[in-house]
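Chemist: Here it is, the structure, as structure tokens.
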Amino acid sequence: MKLILHMWVIIAALCCQPDNATCSTESDLLSLLDFKNSITSDPHAVLASWNYSIHFCEWEGVTCHNTKHPRRVTALDLANQGLLGHISPSLGNLTFLTALNLSRNGLIGEIHPRLGRLQHLEFLILGNNSLQGRIPNELTNCTSLRAMDLSSNQLVGEIPVNVASFSELASLDLSRNNITGGIPSSLGNISSLSELITTENQLEGSIPGELGRLHGLTLLALGRNKLSGPIPQSIFNLSSLEIISLESNNLSMLYLPLDLGTSLHNLQRLYLDYNQISGPIPPSLSNATRFVDIDLSSNSFMGHVPTTLGGLRELSWLNLEFNHIEANDKQSWMFMDALTNCSSLNVVALFQNQLKGELPSSVGNLSSRLQYLILGQNELSGSVPSSISNLQGLTSLGLDSNNFDGTIVEWVGKFRYMEKLFLENNRFVGPVPTSIGNLSQLWYVALKSNKFEGFVPVTLGQLQHLQILDLSDNNLNGSIPGGLFSIRALISFNLSYNYLQGMLPLEVGNAKQLMEIDISSNKIYGKIPETLGNCDSLENILTGSNFLQGEIPSSLKNLKSLKMLNLSWNNLSGPIPGFLGSMQFLSQLDLSYNNLQGEIPRDGVFANSTALTLVGNNNLCGGLLELQFQPCPVLPSRKRRLSRSLKILILVVFLVLVLAFAAAALLFCRKKLRKTTPTVLSVLDEHLPQVSYTDLAKATDNFSPSNMIGQGAHGFVYKGFISHLNSFVAVKVFNLEMQGAHHSFVVECQALRHIRHRNLVSVLTACSSVDYKGNEFKAIIYEFMSSGNLDMFLHSQENSELSPGHLGLTQRLNIVIDVANALDYLHSSLQPPIVHCDLKPSNILLDDDMNAHVGDFGLARLRSDGASISTECSTSTVSFRGTIGYAAPEMVTGKRPTDKMFMEGMSIVNFVQKHFPDQIMQIVDVSLQEDDDDLYKATKSTSEGRMHQCLLVILEMGLVCTRQSPKERPGMQEVARKLHTTRVAYLEDDSY
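All letters in the sequence shown, in the order written, are residues -23 to -1, 1 to 969 by mature numbering (1 follows the signal peptide of the UniProt record, and there is no 0).
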């Protein structure tokens, strides 16, 4: 049928005459139907209306001429609909098409050259799909194009040589592909070009000087390629430029033009990090008075920080890490005084430079908005000025790897929002301040390699967000507080190289999420507690050089994720447990210098001599020859048993062979009838409750459509009741015939393995088995959320019969905060961080109390992270520059980003931007106004009302979190804190 329809489309295109109205409309109809047939999955049923019962101009996503006859298709907008399939070449027959937007779907295959026939096409938006192949040269025939977005695909090859044919092009976005070759110099002939974006490709060669002809260019983003050579002087003459993003290339220059800020006086953001640029930082940067971001990190800049930067009142981001910048006297430190005039400053990063001497007390006068102060790996000395406690908005303080001395008691406990505290590798003395326990948001504490003494503060147990605690290599004494192991978020615990005494507390078993514990080189005595086996997330256990005694506890066999075990230099006795040889991931084992005895196992890690250290145990025997232990003695009784055994050996071997052949035959016959026993993937957790396919089929009435509560890109979600769990559950069943479903299952299991947060959907278990027909079956079982999802509430008017009700402003604000907290946790509290990648209202679930829980991690990505600003923000688009937030305008407007009104350049973002901040009542959700008369009255009577201000903040967060460039978006810590502050400021009134 598809082949017949495709042939009719070709015939219609060939036979129709330009003046044949009936034939022309028929061609449009057949082309659209052929496109529909090329789609293999339509999870939102957006193409359900595409049938003969209504005119194709009324089909969802289709726009036609309103005034002309015959009516011809002028726009096709199906963005963000979860569509899977190919882009039909028949779209090239829609000869009146001016806008084609298929972005943010799952489309695959190549861009067909037939799209080059669309000579009226002005907007070609295909970004965020999985398109492959080259950019067809035929597209250059679309000479009316004003915007082309092919970003975030898998395109290869070179940029078409005839790109200059796009004579009216204003925006070209080819970012995040695998495009090779050079940047065509002919781009400089497109005088209308205002945005050129090719970031994250494999482009090589130099930046063409011809780009300097683009006198209307406002955005030049060529970062994260393999470009080399200098930046052409002609680029520095483009006074229209507002953003230059050339980071992570191999660009080399002896110095930047000294008049850079004068010639580029409209510049707002300058990203030159990770290149090979040297020379001084131009003082003229201050002439570009609208500067917001300056990132010159990871280069070879030298000299002093210009004091003129203090004139940039809007400056928010100043990153000068990994350079050779000096400050060693009062004159060269004056830049710190100057920066106190930058009232919007959010980040000051000078990690790994050549700063010397005492840190000026003026550091405490920096902006109250400052969140990140990163001064590690310099040669700073003396005491930390107490004025630093004035910076109460700090979330990250890096003073590590300097020569600071003195105590830190006076100032450290005053940072209310502190999340990461890096003070390691200094000469701090005195006790670890108990006031650190007041930093309720703290999740990373690094105080290692100092001279702290005294006890480990029990107040650290108050830090319920704490994930990483490193107090190693100090002079601490006393016992390990058991309360530390009640911190539910704690994943890394390092107290090594101190003088701690006593026993490892039994409470260690409470830290079920703990991944690493290091208490080596202390004076810990007693037995290794059996409760350590409860920490089933443990990967590394390091307890060497202590006074531990007794046998290795059998409970350690529960640690299925264990990779490294070091129990060396203790007084342990007894045999080596055989279960250590069956641990799948154990790759490093050090049991040296104990009193262990008996035979050395040969399985698992014991079969690799390079991964094993057993020296210093004189009573061990056997094992690999490389270990050089004596063979185990054969007892006389054992000799007699061997002699008798030899007599029956031939009979046993014969029987084994017969049974083996029989078993093989049975296995083949029973392959399709095997029992449906559950297999919980090791990527999730082997200690979760066990459920089988039979359990799930029974719980959901054999996956009845009446129990289906949702549909995703890779399967369906059912409500069910599992009797042995005594719980209602949501069962996400993966359709393994769909492309990417198996990968999505594994990715979601990996993402869910260690995450635990009150605003994330709780996973109960997973099932990997077969169904009654012998087909592979995979499902993830979640806690059931009785109130449904956010999409149902925001868009309840679309199906009034099933409407769960409307959301008031208070509820919407609470939900936004819940989601922001969840994302903050995923981005900032995990190692490695997790990026959700598919956040939308239908994936925000609501419990009985209308608390929000983020779900569906099928597209989640794990990324590496680090302590420095450059590492966190320059190697990924999801850190400080590009945190992908969720405080969307949809929450207040009640409109979907895919609403029909958003087309031909209009989106929900610029729709809100157009009315912000003075006309927001024109865009506020009607149901929100109707349900809250007080809100309407307050906003009508005064623009300063608390409720009106609340709406302004939510909309503002929605706008900044949906900015086109990731570099312009705030981090989720900032978003969550702003929303929390809003709730405190505007929602305390009980009447609200």
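For glycine and all other residues, C-beta sits at the position ideal for the given N, C-alpha and C. All values derive from a computational prediction rather than experimental measurement.
1) Less than 7 Å separating the beta-carbons of I97 and S67?
2) In three-state terms, what does DSSP make of N452?
3) Under DSSP, the beta strand (DSSP E) around C598 begins and ends at which residues?
4) For L204, which residues in the same chain have their Cβ closer than 8 Å to its Cβ, ignoring the five residues on either side in sequence?
5) Would A52 be called buried (16 or more neighbouring beta carbons within 10 Å of its own) or exposed?
6) When you compare only the Cα positions, how much space is there between S550 and Q331?
7) For the segment 413 to 491, list the beta strand (DSSP E) runs that are entirely contained and at least 3 residues long, ordered along the chain.
8) Please report the Cβ distance between T317 and N355, rounded to the nearest whole angstrom; I am assuming they are in contact, meaning their Cβ atoms lie under 8 Å.
9) What residue range is occupied by the uninterrupted alpha helix (DSSP H) comprising M311?
10) What is the rounded straight-line gap between the Cα of T17 and the Cα of L60?
11) Would you say S338 and S364 are within 7 Å of each other, going by their C-beta atoms?
12) Does the segment 713 to 731 touch the segment 782 to 789, meaning 3 or more C-beta pairs lie closer than 8 Å?
13) Name the one or two DSSP bridge partners that N548 has.
14) If the criterion is Cβ atoms closer than 7 Å, does the pair P530 and E507 meet it?
15) Using only the alpha-carbon positions, how far apart do L584 and E603 sit?
16) L249: which of A198, Q490, G527, L440 sits nearest, CA to CA?
17) Pick out the complete alpha helix (DSSP H) segments inside the segment 144 to 206, 4 residues or longer, and give them in chain order.
18) Taking the runs of the alpha helix (DSSP H) that are 4 residues or longer, which of them lie wholly in the segment 307 to 395?
19) Under a three-way DSSP split, which group does V793 fall into?
20) Excluding sequence positions up to five away, which residues of its chain have a Cβ less than 8 Å from the Cβ of L956?
21) Buried or exposed, going by whether 16 or more other CB atoms sit within 10 Å of the CB of C319?
22) Cα separation between F606 and N572?
23) Label S216 either buried or exposed according to how many other C-beta atoms from any shown protein chain fall within 10 Å of its C-beta, with 16 as the threshold for buried.
24) May I have the straight-line CA-CA distance separating M827 from N82, to the nearest angstrom?
25) Closer than 8 Å is the cut-off here; do at least three beta carbon pairs connect the segment 471 to 479 with the segment 491 to 498?
26) Identify whether Y570 lies in helix, strand or coil by the three-state DSSP scheme.
27) Return the CA-CA distance between G692 and G527, expressed in angstroms with no decimal places.
28) May I have the straight-line CA-CA distance separating T654 from F722, to the nearest angstrom?
29) With three or more beta-carbon pairs closer than 8 Å as the criterion, would you say the segment 23 to 36 touches the segment 67 to 76?
30) What's the gap between the Cα of R123 and the Cα of L713?
31) Measuring only the C-alpha atoms, how far is L289 from F268?
32) Determine whether the beta carbon atoms of D377 and N415 lie at a separation below 7 Å.
33) Buried or exposed: R48, going by 16 or more other Cβ atoms within 10 Å of its Cβ?
34) Starting from the C-beta of Q245, find all residues in its chain whose C-beta is less than 7 Å away, skip the five residues before and the five after it, and write them out in chain order.
35) State the beta-bridge partners of V39 as determined by DSSP.
Modeler: On the basis of the data shown:
1) Here residue 97 refers to the residue found at position 120 of the sequence shown. Here residue 67 refers to the residue found at position 90 of the sequence shown. For the record, residue 97 in the displayed sequence is His; it is not Ile. No, these two residues do not count as a Cβ contact at 7 Å.
2) The count along the sequence shown starts at 1 and reaches residue 452 at position 475. If DSSP states are grouped into helix, strand and coil, N452 belongs with the strands.
3) The sequence position of residue 598 within the sequence shown is 621, counting from 1. It spans 596 to 599 - the beta strand (DSSP E) in which C598 sits, taken as one unbroken run.
4) Taking the first residue of the sequence shown as 1, we reach residue 204 at position 227. Only I160, L180, E181, G182, S183, I184, L223, N226, N227, L228 meet the Cβ criterion.
5) Counting from one through the sequence shown, the residue named residue 52 turns up at place 75. That one is buried.
6) Walking along the sequence shown from the start, residue 550 turns up at place 573. Walking along the sequence shown from the start, residue 331 turns up at place 354. Looking at the two C-alpha atoms, the distance is approximately 52 Å.
7) 421 to 423, 428 to 431, 445 to 447, 469 to 471
8) Along the sequence shown, read from residue 1 onward, the residue named residue 317 stands at position 340. Along the sequence shown, read from residue 1 onward, the residue named residue 355 stands at position 378. Actually they do not touch by this definition, with Cβ atoms about 20 Å apart.
9) Looking up residue 311 in the sequence shown gives position 334. Per DSSP, M311 belongs to the alpha helix (DSSP H) from 311 to 316.
10) Sequence index remark: in the sequence shown, residue 17 carries index 40 (1-based). Sequence index remark: in the sequence shown, residue 60 carries index 83 (1-based). One C-alpha to the other measures close to 8 Å.
11) Residue numbering aside, residue 338 sits at position 361 when the sequence shown is read from its first letter. Residue numbering aside, residue 364 sits at position 387 when the sequence shown is read from its first letter. Yes, they are a contact pair.
12) no
13) Residue mapping note: residue 548 aligns to position 571 of the sequence shown, counting from 1. Looking at the DSSP assignment, N548 forms a beta bridge with Q526.
14) Taking the sequence shown and counting its residues from 1, one reaches residue 530 at position 553. Taking the sequence shown and counting its residues from 1, one reaches residue 507 at position 530. For P530 and E507, yes; Cβs fall inside 7 Å.
15) Within the sequence shown, residue 584 is the residue found at index 607, counting from 1. Within the sequence shown, residue 603 is the residue found at index 626, counting from 1. In the sequence as displayed, the identity of residue 584 is Ala instead of Leu. About 10 Å.
16) As a working note, residue 249 is residue 272 in the sequence shown. Looking at the Cα atoms, A198 is the closest of the given residues.
17) none
18) 311 to 316
19) Here residue 793 corresponds to residue number 816 of the sequence shown, with the count starting at 1. Residue state, collapsed to three classes: helix.
20) By 1-based counting over the sequence shown, the position of residue 956 is 979. Correct list, in chain order: L790, V793, I794, A797, A864, V930, I931, M934.
21) Within the sequence shown, numbered from 1, the residue matching residue 319 stands at position 342. Result: buried.
22) Position 629 of the sequence shown, counted from the start, is the residue given in the question as residue 606. Position 595 of the sequence shown, counted from the start, is the residue given in the question as residue 572. If you take the alpha carbons of F606 and N572, they lie about 14 Å apart.
23) Here residue 216 refers to the residue found at position 239 when the sequence shown is read from its first residue. With fewer than 16 Cβ atoms within 10 Å of its Cβ, S216 is classed as exposed.
24) Translated into positions along the sequence shown, residue 827 becomes position 850. Translated into positions along the sequence shown, residue 82 becomes position 105. Their Cα atoms are separated by approximately 30 Å.
25) yes
26) By 1-based counting over the sequence shown, the position of residue 570 is 593. Three-state DSSP puts Y570 in coil, outside helix and strand.
27) Counted from its first residue, the sequence shown places residue 692 at position 715. Counted from its first residue, the sequence shown places residue 527 at position 550. Roughly 52 Å between the two C-alpha positions.
28) If you number the sequence shown from 1, residue 654 lands on position 677. If you number the sequence shown from 1, residue 722 lands on position 745. Residue confidence for T654 is low, a pLDDT of 36 falling below 50, so the modelled location carries little weight; the figure read from the coordinates is stated next. Cα to Cα, T654 sits roughly 18 Å from F722.
29) no
30) Residue mapping note: residue 123 aligns to position 146 of the sequence shown, counting from 1. Residue mapping note: residue 713 aligns to position 736 of the sequence shown, counting from 1. Roughly 41 Å between the two C-alpha positions.
31) As a working note, residue 289 is residue 312 in the sequence shown. As a working note, residue 268 is residue 291 in the sequence shown. Rounded to the nearest angstrom, the two C-alpha atoms are 6 Å apart.
32) By one-based count along the sequence shown, residue 377 stands at place 400. By one-based count along the sequence shown, residue 415 stands at place 438. Their beta carbons are not under 7 Å apart, which means D377 does not touch N415 by this criterion.
33) Residue numbering aside, residue 48 sits at position 71 when the sequence shown is read from its first letter. By the 10 Å Cβ count, R48 comes out buried.
34) Locating residue 245 in the sequence shown gives position 268, counting from the first residue. The answer, listed in chain order, is E219, I220, R267, F268, V269.
35) Locating residue 39 in the sequence shown gives position 62, where the first residue counts as 1. According to DSSP, V39 bridges with L53.
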